[in-house]
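**Q** Under the numbering used here, think of the first position of the sequence shown as 79, with each following residue one higher.
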Amino acid sequence: MALEVTDATFNEVVLQSDKPVMVDFWAAWCGPCRMVAPIMDQLTTEYEGKATIAKVDVDANQEFAAKYGVRNIPTVLVFKGGEVVEKQVGVAPKATYAQKIDAHL
């Protein structure tokens, strides 16, 4: 299962990670977000030890969603070295997310 990240843990878990981190910005009321969630859970297993897959509930944690210009959800950002290196807005196939991680391993 994807790691739940909050505004309080975002710096440590995402920005200070020595591995790529894929962050799914989502909300419980968002239908398309529910389509992305199982993909993120699968990627968590497949990339264990190589990359971190995380999720941020934008209703409860707005600071970093605002900082990174997340206006539509689901939005998935890939961070490496504390910087955004990939972005996917809207639902995409699992292979699209995997390619975005693979490019930064």
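A virtual CB, placed ideally from N, CA and C, is assigned to each residue, including glycine.
1. Who are the Cβ neighbours of valine 92 in its own chain at under 7 Å, not counting the five residues just before and after it?
2. Using CA atoms only, rank isn't needed, just tell me which of His182, Leu81 and Ala181 is closest to phenylalanine 103.
3. Hey, quick one: how far does the beta strand (DSSP E) through alanine 132 stretch, first residue to last?
4. Quick check: what's the CA-CA separation for alanine 115 versus glycine 159?
5. Measure the beta-carbon distance from methionine 113 to valine 162 and round it to whole angstroms, keeping in mind my assumption that it falls under 8 Å.
6. How far does the beta strand (DSSP E) with aspartate 85 in it reach, from first residue to last?
**A** Straight from the coordinates:
1. Here residue 92 refers to the residue found at position 14 when the sequence shown is read from its first residue. If we look at valine 92 and ignore the five residues flanking it on each side, its Cβ neighbours are Val83, Val99, Val101, Ala132 and Phe157.
2. In the sequence shown, residue 103 corresponds to position 25, counting from 1. For the residues His182, Leu81 and Ala181, the minimum Cα distance to phenylalanine 103 belongs to Leu81.
3. Position 54 of the sequence shown, counted from the first residue, corresponds to residue 132. Where alanine 132 is concerned, the enclosing beta strand (DSSP E) stretches over 130-135.
4. For the purposes of this step, residue 115 is identified with residue 37 of the sequence shown, where counting begins at 1. For the purposes of this step, residue 159 is identified with residue 81 of the sequence shown, where counting begins at 1. Roughly 24 Å separates the two Cα atoms.
5. Counting from 1 along the sequence shown, the entry for residue 113 is found at position 35. Counting from 1 along the sequence shown, the entry for residue 162 is found at position 84. No, methionine 113 and valine 162 are not in contact; Cβ-Cβ is about 23 Å, not under 8 Å.
6. In the sequence shown, residue 85 corresponds to position 7, counting from 1. Run containing aspartate 85: none; DSSP gives neither H nor E here.
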